[in-house]
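Just below is one structure, and these are the notes that go with it.
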Amino acid sequence: MIHFVLLVSRQGKVRLTKWYSPYSQKERSKVIRELSGIILSRGPKLCNFVEWRGFKVVYKRYAGLYFCMCINQDDNELEILDIIHHYVEILDRYFGSVCELDLIFNFHKAYYILDELLIAGELQESSKRTVLRLVDAQDCIVEIAHQQASSVGNLIAQATK
Amino acid sequence: MGSQGGFYQSKEFLDLVKSIGEARSKAEEDRIVLNEIETLKRRISEPDIPKRKMKEYIIRLVYVEMLGHDASFGYIHAVKMTHDDSLLVKRTGYLAVTLFLNEDHDLIILIVNTIQKDLKSDNYLVVCAALNAVCKLINEETIPAVLPQVVELLGHPKEAVRKKAIMALHRFYQKSPSSVSHLVSNFRKRLCDNDPGVMGATLCPLFDLITIDVNSFKDLVVSFVSILKQVAERRLPKAYDYHQMPAPFIQIKLLKILALLGSGDKQASENMYTVVGDLFRKCDSSSNIGNAILYECICCVSSIYPNAKLLESAADVISRFLKSDSHNLKYMGIDALGRLIKISPDIAEQHQLAVIDCLEDPDDTLKRKTFELLYKMTKSTNVEVIVDRMIDYMISINDNHYKTEIASRCVELAEQFAPSNQWFIQTMNKVFEHAGDLVNIKVAHNLMRLIAEGFGEDDDSADSQLRSSAVESYLRILGEPKLPSVFLQVICWVLGEYGTADGKFSASYITGKLCDVAEAYSNDETVKAYAVTALMKIYAFEIAARRKVDLLPECHSLMEELLASHSTDLQQRAYELQAVIGLDAHAVECIMPSDASCEDIEVDKGLSFLNGYVEESIEKGAQPYIPESERSGMLNISNFRNQDHHEASSHGLRFEAYELPKPTVQSRIPPALLASTELVPVPEPMYLRESYQTPSVPSVSSDAGSSELKLRLDGVQKKWGKPTYSPATSTSNSTAQKTVNGVTQVDGASSTNSRTRETYDSRKSQVEISPEKQKLAASLFGGSSKTEKRPATGHKISKASTQMVKSHVPKSSMEVALEKTAPVQPAPDLLDLGEPTGTSVAPLVDPFKQLEGLLDTTQVGSAAAAKSPDIMAMYADTPAGIHDKDDGDLLSGLSKPPVTNMPGGTTTTQQEQRSKGPNPKDSLEKDALVRQMGVNPSSQNPNLFRDLLG
Chain D
1 MIHFVLLVSR QGKVRLTKWY SPYSQKERSK VIRELSGIIL SRGPKLCNFV EWRGFKVVYK
61 RYAGLYFCMC INQDDNELEI LDIIHHYVEI LDRYFGSVCE LDLIFNFHKA YYILDELLIA
121 GELQESSKRT VLRLVDAQDC IVEIAHQQAS SVGNLIAQAT K
Chain F
1 MGSQGGFYQS KEFLDLVKSI GEARSKAEED RIVLNEIETL KRRISEPDIP KRKMKEYIIR
61 LVYVEMLGHD ASFGYIHAVK MTHDDSLLVK RTGYLAVTLF LNEDHDLIIL IVNTIQKDLK
121 SDNYLVVCAA LNAVCKLINE ETIPAVLPQV VELLGHPKEA VRKKAIMALH RFYQKSPSSV
181 SHLVSNFRKR LCDNDPGVMG ATLCPLFDLI TIDVNSFKDL VVSFVSILKQ VAERRLPKAY
241 DYHQMPAPFI QIKLLKILAL LGSGDKQASE NMYTVVGDLF RKCDSSSNIG NAILYECICC
301 VSSIYPNAKL LESAADVISR FLKSDSHNLK YMGIDALGRL IKISPDIAEQ HQLAVIDCLE
361 DPDDTLKRKT FELLYKMTKS TNVEVIVDRM IDYMISINDN HYKTEIASRC VELAEQFAPS
421 NQWFIQTMNK VFEHAGDLVN IKVAHNLMRL IAEGFGEDDD SADSQLRSSA VESYLRILGE
481 PKLPSVFLQV ICWVLGEYGT ADGKFSASYI TGKLCDVAEA YSNDETVKAY AVTALMKIYA
541 FEIAARRKVD LLPECHSLME ELLASHSTDL QQRAYELQAV IGLDAHAVEC IMPSDASCED
601 IEVDKGLSFL NGYVEESIEK GAQPYIPESE RSGMLNISNF RNQDHHEASS HGLRFEAYEL
661 PKPTVQSRIP PALLASTELV PVPEPMYLRE SYQTPSVPSV SSDAGSSELK LRLDGVQKKW
721 GKPTYSPATS TSNSTAQKTV NGVTQVDGAS STNSRTRETY DSRKSQVEIS PEKQKLAASL
781 FGGSSKTEKR PATGHKISKA STQMVKSHVP KSSMEVALEK TAPVQPAPDL LDLGEPTGTS
841 VAPLVDPFKQ LEGLLDTTQV GSAAAAKSPD IMAMYADTPA GIHDKDDGDL LSGLSKPPVT
901 NMPGGTTTTQ QEQRSKGPNP KDSLEKDALV RQMGVNPSSQ NPNLFRDLLG
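Structural data, given as structure tokens:
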């Protein structure tokens, strides 16, 4: 099970946090501080895993952004690495060559996408297309509200490509 | 799709994000956020805020909280937002509450109603949003409020809803297993869902259920195997492919489940051999996801009933992992080795040099994993090397969590395999000295007990030698500054008990040392208490030996000081010390007999010495004591019997209590009552249970006492413990043991050739290995094949193998399998995007929302720039160069072939990049847009614009 997801920039700035296990606000800050300290200081050739407080944290760096997920001792680290990559690919598809800036200004969208990918700390959907379709379906309403119905066709066309 | 890249927030919010992005210190960031909190507090409580504005405030709250500040003042507004009719607003509300609230928050009760309503909504997107919230917010108490609706949603026409409903039930199961225990059949049914996504999601709850109770799911083995086979044969829709692997995440989940089902079950395992073998062959070992599956295969192979061929494939993969340059794969290889070593202990030998390389690697993660492996393969021949290494590492790290863990491992290994008492004491001293405050106090008690009892042999001289060597080493260590409290307690106790026992040290020397301890650690009352009691013992032994006692001046002053101590405990000890010193030899001998720490002290738990008093009181008219169970009128004869049975057979933990219908009543029966029913026969249900669980054991109904206890323990372990190759009781199936040993032997023989060759190869290829390393290898692995195995790994039979023969496979498995084959077949139109999802939803949107949306677009000040894509598009045609360095960066990033860490990732990424036409245009648009808003990527973070996947 995934206990939390953390996106931290190379400067240690938090870009996204999602907690699937209960942590108090105080604990959260501590966890973030502790982990970003450990992970940001690790060299590029080392393992993408860190053992931490009896859990394992799997992280991967994309440009200047670290994606971290905390998992149980008996989970498969390589699988988690690919769940991270899966998420990034979906973000990339959604935003169109996603960059850190997209996530800074549209962090709530990143949350919506994450909610379609993971639920209660488990991978709920492994098909990229299904995730995107659901997120787009929700966005459609937003788009209509914004009088931008014209882009809906684009969205669908993009997604079906 | 540039539309998603637009920024619909207000200028204010963008400014906030921007200023935080440019903050140069944490303090500056905090100041900005606190400022923002003040603004929000003021704004959010204004009357009549338009919904769109409110939505933005809530998102700003989320942002504030994400940065680690308290936004609890706004929670209630987020809750209110979930009540809104518009999905757009509702969705934001749900997002915010799931991020803000933990399941025990008081506000949740206000959301439950909304969730109930939304679960009934016609719009499946509303239902999805509500289900997302259910997974996060519903706690044990509120489960019943939504459970019926969630169950109903399992039959919803939209697969997204079914999937989320399954996951919600899974969450309920984790929180309160009893709440959904009657729904297991629903999970089974969903396994045959038309949609592969729903099927994949169902594997999550099934995995948990199977972890806890393997036996009731044995009938699904065939189904799982056939699903896995079909997945591996690419029978699922293409959409589930990931990096050219067919539905790898589903494969991994299935392998995990098979590992559980096949554990110790020969018949079930035999069903799996073919498909796992196929996976070993098919998996692409050049991609990360392929390796993830291979690793999972190894886990599966090492868990199920051993098969020589699969073990060989697993060993091959492990050696490939270990030889890889990637640290990740090395790490997985070490982990896998640790799993396989339980089954074929000699496999480690061929990888010894790789293991030692990992041990000396600068990467801490890899090092720790290797220590874990060493811990698993420790035996008496290599314990010294391994524990020494562990202690060296333990001293070098600061991470308290891991320090504790490795310290307790050192202690465990030392206790289990210590070659000599001397070494044992030295090792324990080192552990205590460097991690004393971290080790469990029980370890200290164990050490004291061990020194007191000796190693169990009847050799008294060895024991006293152990004690005097301990005393000597402690006296030496006491010279060091700053010892951990726990260690000092041990030292004081041992010095008090055995300090003068061998006559080597005088009483005044030892007492002097003890007084020094009490003085040096005057803040630690526990240590002081230990020291005073130790002083008392030394003096008592002196008096008992009819020697003259001279109280040292420092001891005298210590006593004086403690007589007036604020701690009553210390005060009492000091008074006792004072009193003992004043007694004569005979009296002292009675109260402080020499070397009596191992004598049992009898405690009369029945308080029989009070009987006289009780009778007297009753005669005087007092009410007799009525036990609680009688008072509540719950007592019945069967409880008597059960309780009696427990008492007669076991005084330890009552494992079987969980299996009886009314467990709470039993524990209340007082021992006095039990004694009177001692002869009542052992109740039937116990035996039924036992004979069900261990059908092959003949002695079940006749025997009693210790063997029975053991059997039951076993059955229970099987049921509640993690299913592994746990040591079976000697009474169970000796035949099966033979066969298994046979298998492993055959395995060893058949693969020796390849193994030796490989060992040879690996040695030859690394001729330049330093002699030091070789020595280390020899001492670690040297005797591995010859010497005895570690006791736990010796017998690897679990009786489940025989037990399952009679399981209920035949009944439903066939039909389930039949059902299965059909649905898992690709149903392409289900996932086809041809069906326009947008249109079905659009009519539901109310017109007001559209108005609102209008407002939205017009008011978004700076972001309006986003609506001029045409101008931006022109950038795409102009070459770089006019732009500054960041653009250059970006473009160069695009022109360069994308470099990913994952070898397999590259190809697909490339394809994707190519397939996206407007790629550079998009980026440039984004860049220009952000620049217009005033965000400039400063030198602080040049990566801000770089594609994450680039």
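Residue numbers (UniProt numbering), protein chains in the order written: chain D, 1 to 161; chain F, 1 to 950.
The beta-carbon is built from N, C-alpha and C at its ideal position, and this holds for glycine as well.
Of all C-beta pairs linking the stretch 109–122 of chain D to the stretch 279–294 of chain F, fewer than three are shorter than 8 Å, placing the two stretches out of contact. Contact of GLU519 (chain F) with chain D is not assigned, every C-beta pair being separated by 9 Å or more.
Secondary structure of TYR20 (chain D) (DSSP, three-state): coil. In this structure, ILE32 (chain F) lies away from VAL79 (chain F), with their beta-carbon atoms at least 9 Å apart. MET245 (chain F): not part of any alpha helix (DSSP H); DSSP gives it neither H nor E. Nearest to LEU570 (chain F) by C-alpha distance, out of F:ILE341, F:ALA531, F:GLY74, F:ASN186, is F:ALA531. Apart from the 5 residues on each side of it in sequence, LYS537 (chain F) sits with its Cβ closer than 8 Å to the Cβ of GLY496, GLU497, MET592 in its chain, given in chain order. When only Cα atoms are considered, ILE59 (chain F) and HIS351 (chain F) end up about 54 Å apart. With a cut-off of 8 Å on Cβ pairs, the stretch 121–130 of chain F is not in contact with the stretch 85–104 of chain D, counting fewer than three such pairs.
One Cα belongs to ILE356 (chain F), the other to VAL317 (chain F), and the distance between them is close to 19 Å. Here DSSP, grouped into helix, strand and coil, assigns SER408 (chain F) to helix.
Counting every other CB atom within 10 Å of its CB across the protein chains shown gives GLY43 (chain D) a total below 16, marking it as exposed. In the structure shown, ASP569 (chain F) falls within a helical segment according to DSSP collapsed to helix, strand and coil. Within the same chain, ARG43, TYR57 come within 8 Å of ILE49 (chain F) by CB-CB distance, once the 5 residues on both sides are set aside. The C-beta of CYS590 (chain F) has fewer than 16 other C-beta atoms within 10 Å across all chains shown, which makes the residue exposed. Under the three-state reduction of DSSP, ASP193 (chain F) is assigned to coil, being neither helix nor strand. Near chain F, meaning a CB-to-CB distance below 7 Å, the residues of the stretch 39–57 of chain D are LYS45, LEU46, CYS47, ASN48, PHE49, VAL50, GLU51, ARG53, GLY54. Note that the C-beta distance between SER263 (chain F) and SER216 (chain F) is not below 9 Å. For MET69 (chain D), the enclosing beta strand (DSSP E) starts and ends at 65–71.
Within the same chain, TYR23 come within 7 Å of VAL31 (chain D) by CB-CB distance, once the 5 residues on both sides are set aside.
At a cut-off of 9 Å between beta carbons, ASN72 (chain D) makes no contact with chain F. Contact check for VAL494 (chain F) against ARG467 (chain F) passes: the beta carbons are separated by less than 9 Å.
If you draw a straight line from the Cα of PRO362 (chain F) to the Cα of GLU384 (chain F), it comes to about 23 Å.
Distance from the Cα of LEU552 (chain F) is smallest, within the candidate group F:ALA414, F:LEU535, F:ILE343, F:LEU101, for F:LEU535. Under a criterion of Cβ atoms nearer than 9 Å, no residue of chain F is adjacent to GLU27 (chain D); the nearest Cβ is some 11 Å distant. Taking 9 Å as the cut-off, the beta carbon of TYR62 (chain D) is found no closer than this to the beta carbon of PHE49 (chain D).
Boundaries of the beta strand (DSSP E) around PHE49 (chain D): 49–52. Counting along the chain, VAL97 (chain F) sits inside the alpha helix (DSSP H) bounded by residues 87–100.
Listed along chain D, no residue sits closer than 9 Å to ILE334 (chain F) by beta-carbon distance, the nearest being about 10 Å off. DSSP places GLU122 (chain D) in the strand class (E or B) of the three-state scheme. At a cut-off of 9 Å between beta carbons, VAL14 (chain D) contacts chain F. The shortest CA-to-CA distance from LYS189 (chain F) to any of F:ALA168, F:LYS175, F:ARG162 is the one to F:ARG162. Under the Cβ distance rule, MET448 (chain F) does not count among the residues neighbouring chain D, no pair being separated by less than 9 Å. Listed in chain order, the non-local C-beta contacts of SER469 (chain F) below 8 Å within the same chain comprise ASN421, GLN422, ILE425, local neighbours out to five positions each way being set aside. With a beta-carbon spacing of about 4 Å, LEU119 (chain F) and GLN149 (chain F) fall inside the 8 Å limit used to define contacts. Between ARG10 (chain D) and LEU65 (chain D), the alpha-carbon positions lie close to 6 Å from each other.
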